[in-house]
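I have placed the structure first, in the form of structure tokens, so that the comments after it can refer back to it.
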Ligand code: DGL
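In the working numbering, the protein residues as written are 7 to 273.
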């Protein structure tokens with residue numbers, strides 16, 4: 007038995023495409039419907055109530071596209087809205103925090119983990135909760151990096167200014183002695199090379215996008231939701247507003263191609 011409905015994936019903007027890239031590589035038979043809320047990006051500086059409201063609106067749009075599962079490809083939404091989404095929608099809902107936390111616990115040797123993310127994600131303490139739920143003794147140093155999402159949305163992936171901002175954000179975490187850093191925002195894997203350069207080779211990077219894709223694969227298997235083996239999965243994108251850099255970042259940095267791109271302004 008197979009299920010040809012699409013997997014619904016959403017984020018505030020470009021960031022969730024790092025999860026889409028990981029999903030396309032891991033599950034090439036699956037149709038993916040990606041929704042980027044380019045009209046309202048960034049979510050990081052917004053209140054939990056506002057992010058929760060946006061999340062429900064986006065999930066409803068994807069449910070109207072017949073999604074068989076909802077992938078919250080956004081740490082900000084995952085950290086404040088996952089329980090309400092899980093309660094409201096009948097299909098499985100997968101976030102990025104738990105998979106990222108699990109991978110970080112596997113990677114660390116000195117039990118000192120760094121987490122970077124948006125203000126909303128760091129303020130929520132969601133990674134601390136997820137990490138301490140498995141290991142109460144692990145030490146965590148976290149830092150909000152609010153300038154990184156705008157730099158990425160502007161396409162400044164290889165740029166001196168971005169490098170200097172990264173160095174400034176990461177310095178205190180390095181001084182604390184972390185040996186593992188969770189990229190707690192789905193935009194950040196687009197800066198992995200720059201972040202790795204700044205950290206040197208003593209610190210391991212944990213990419214929440216790849217770990218989320220692995221969790222989706224496991225869920226599809228457990229719930230018999232896989233597409234057919236001979237299906238050729240396609241990627242369809244819906245944006246809530248035009249985004250100048252969206253396509254170039256998607257194509258050049260992530261090598262994604264689209265079967266369809268539509269604009270669907272919010273009501
Ligand atoms: N990519 C998102 C995250 O993982 C959201 C960034 C934002 O909109 O501020 O948190």
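Beta carbons: idealized from backbone N, C-alpha and C, even for Gly.
None of these values were measured; they are calculated from a predicted model.
According to DSSP, residue 148 shares a beta bridge with 121. For residue 9 against residue 231, the beta-carbon gap comes to about 5 Å, under 8 Å, which counts as contact. For residue 266, the enclosing beta strand (DSSP E) has its first and last residue at 266-269. Going by C-alpha positions, residue 78 is about 15 Å away from residue 133. Secondary structure of residue 114 (DSSP, three-state): coil. Around the beta carbon of residue 83, 16 or more other beta carbons lie within 10 angstroms, which makes this residue buried. Fewer than three pairs of CB atoms, one per stretch, sit closer than 8 Å, so the stretch 165-174 makes no contact with the stretch 48-66.
Put simply, of 156, 221, 124, 185 the residue whose alpha carbon is nearest the alpha carbon of residue 191 is 124. Per the C-alpha coordinates, the member of 144, 255, 60, 24 positioned closest to residue 112 is 144. Residue 210 sits in a strand when the DSSP states are folded into three classes. Checking the 7 Å criterion, the Cβ of residue 25 is out of range of every heavy atom belonging to the ligand DGL. For residue 39, the pairing in a beta bridge is given by DSSP as 14, 242.
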